[in-house]
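Undergrad:
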Amino acid sequence: MTDNPLNSPGPDRIVVAGDWHGNTSRACGAIWYAGLRGIPLVLQLGDFGYWTPGAWTDRYLTAVESACAEADVTLLWVDGNHECYPNLYETPVDPDTGLRTISEHVHHLPRGLRWSWHGKTWMALGGAHSVDRHMRIEGRSWWPQEHLSDADVEAAIAGGPVDVMVCHDAPDGVHIPGLMPGQFPDDQIATAEWHRRQLGNVVRSVNPSLLLHGHYHVRYSDRLGQTSVIGLADDSAMQSDNLLVLDLQGQR
């Protein structure tokens, strides 16, 4: 990689995207949505599709890289709760950029990474709880690293205030439409609520003006104190609910 996409001043506009779940057509469609509008960067909010190694994952990553190259777009993504963490963590973090480079145009934003665009401090903080663990297999379709650890939380808080957070989960204290009791086992819901508190502890400490997240597969907005919270829908929704164009000079 010759250019660091996190360098200041940063892009004037970006496209923010919700969960893709390895959906090649939706991922490439979002990349071309940006490219055709002259927007140089897509920031994806987790459950990107970094699945277990194999032909299917290879085809997906190759298609995403090819779309980025053809559209002249850089893709940054935070980890969700369904990425294959052991495989992801085998890729080293570049000490110069702070990024995990997956391919020439595709880069993972590690938890707690900070950067500045147009005078605003950004922080990435991926991860969430899989409430459907009872239907998954540890080490094959869910991994313990999906959770924000206490060390992740402490490190994120230690850096001080930020202006924008990009996450997979939502903090506690915001109302997410469509969450109904009884959809998943009580113990899994309790753990999911604990994870939201983990993230909420960071949010209340670093006090961003804007937090963007995925995970809940619904487009909505709410406020948590001084923080505007926007959730984006997933690849099963209309593209307009999965994508958001963000004007960084005017901060929306």
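The sequence shown lines up with residues 61 to 312 when you count with our numbering.
For each residue, glycine too, the CB sits at the ideal point set by N, CA and C.
All of these numbers come straight from a predicted model, not from anything done at the bench.
How would you call Trp254, buried or exposed, if buried means at least 16 neighbouring beta carbons within 10 angstroms?
TA: Locating residue 254 in the sequence shown gives position 194, where the first residue counts as 1. Exposed.
Undergrad: Could you tell me if Ala293 is buried or exposed, where buried requires 16 or more neighbouring beta carbons within 10 angstroms of its beta carbon?
TA: As a working note, residue 293 is residue 233 in the sequence shown. That one is buried.
Undergrad: At what residues does the alpha helix (DSSP H) containing Leu148 begin and finish?
TA: Taking the sequence shown and counting its residues from 1, one reaches residue 148 at position 88. Leu148 -> alpha helix (DSSP H) spans Tyr145 to Tyr149.
Undergrad: Rounded to a whole number of angstroms, what is the C-alpha to C-alpha distance between Arg196 and Met225?
TA: Within the sequence shown, residue 196 is the residue found at index 136, counting from 1. Within the sequence shown, residue 225 is the residue found at index 165, counting from 1. So the two alpha carbons sit approximately 29 Å from each other.
Undergrad: Can you say whether Leu185 is buried or exposed, counting buried as having 16 or more other CB atoms within 10 angstroms of its CB?
TA: Looking up residue 185 in the sequence shown gives position 125. Leu185 should be labelled buried.
Undergrad: In whole angstroms, give me the CA-to-CA distance for Asn67 and Trp177.
TA: In the sequence shown, residue 67 corresponds to position 7, counting from 1. In the sequence shown, residue 177 corresponds to position 117, counting from 1. If you take the alpha carbons of Asn67 and Trp177, they lie about 7 Å apart.
Undergrad: Go to Arg97, then tell me how far its alpha helix (DSSP H) extends in each direction, as first and last residue.
TA: Numbered from 1 along the sequence shown, position 37 holds the residue referred to as residue 97. No alpha helix (DSSP H) contains Arg97, which DSSP labels as neither H nor E.
Undergrad: Indicate the three-state DSSP secondary structure (helix, strand or coil) for Ser281 in the structure shown.
TA: In the sequence shown, the residue the question calls residue 281 occupies position 221. It is a strand residue.
Undergrad: With DSSP as the reference, label His255 as helix, strand or coil.
TA: Against the sequence shown, residue 255 aligns to sequence position 195. Correct three-state label for His255: helix.
Undergrad: Once DSSP output is grouped into helix, strand and coil, what is the label at Thr117?
TA: Numbered from 1 along the sequence shown, position 57 holds the residue referred to as residue 117. Looking at Thr117 - three-state DSSP - the assignment turns out to be helix.
Undergrad: Answer with buried or exposed for Ser209, where buried requires no fewer than 16 other C-beta atoms within 10 angstroms of its C-beta.
TA: Residue mapping note: residue 209 aligns to position 149 of the sequence shown, counting from 1. With fewer than 16 Cβ atoms within 10 Å of its Cβ, Ser209 is classed as exposed.
Undergrad: With H, G and I counted as helix, E and B as strand and the rest as coil, what does DSSP make of Met61?
TA: For this step, residue 61 is matched to residue 1 along the sequence shown. No answer about Met61 holds up, because its pLDDT of 39 lies below 50 and its placement is not dependable.
Undergrad: Which first and last residues belong to the beta strand (DSSP E) in which Ile162 is found?
TA: On the sequence shown, position 102 is the one that residue 162 refers to. Arg160 to Ser163 is the extent of the beta strand (DSSP E) around Ile162.
Undergrad: Which residues in the same chain as Asp107 place their Cβ atom closer than 8 Å to its Cβ, once the five residues preceding and following it in sequence are excluded?
TA: In the sequence shown, counting from the first residue as 1, residue 107 sits at position 47. Within the same chain, Asp107 has close Cβ partners Asp79, Trp80, His81, Gly140, Asn141, His142, Glu143, His228, Gly274, His275 and Asp294.
Undergrad: Mind checking which residues open and close the alpha helix (DSSP H) that includes Ala218?
TA: The residue you call residue 218 lines up with position 158 of the sequence shown. Taken as a continuous stretch (DSSP letters only), the alpha helix (DSSP H) holding Ala218 covers Asp210 to Ala218.
Undergrad: Among the residues of its own chain, which have a CB less than 6 Å from the CB of Gln309, if the five just before and after it don't count?
TA: Here residue 309 refers to the residue found at position 249 of the sequence shown. These residues qualify, in order along the chain: Asp72 and His178.
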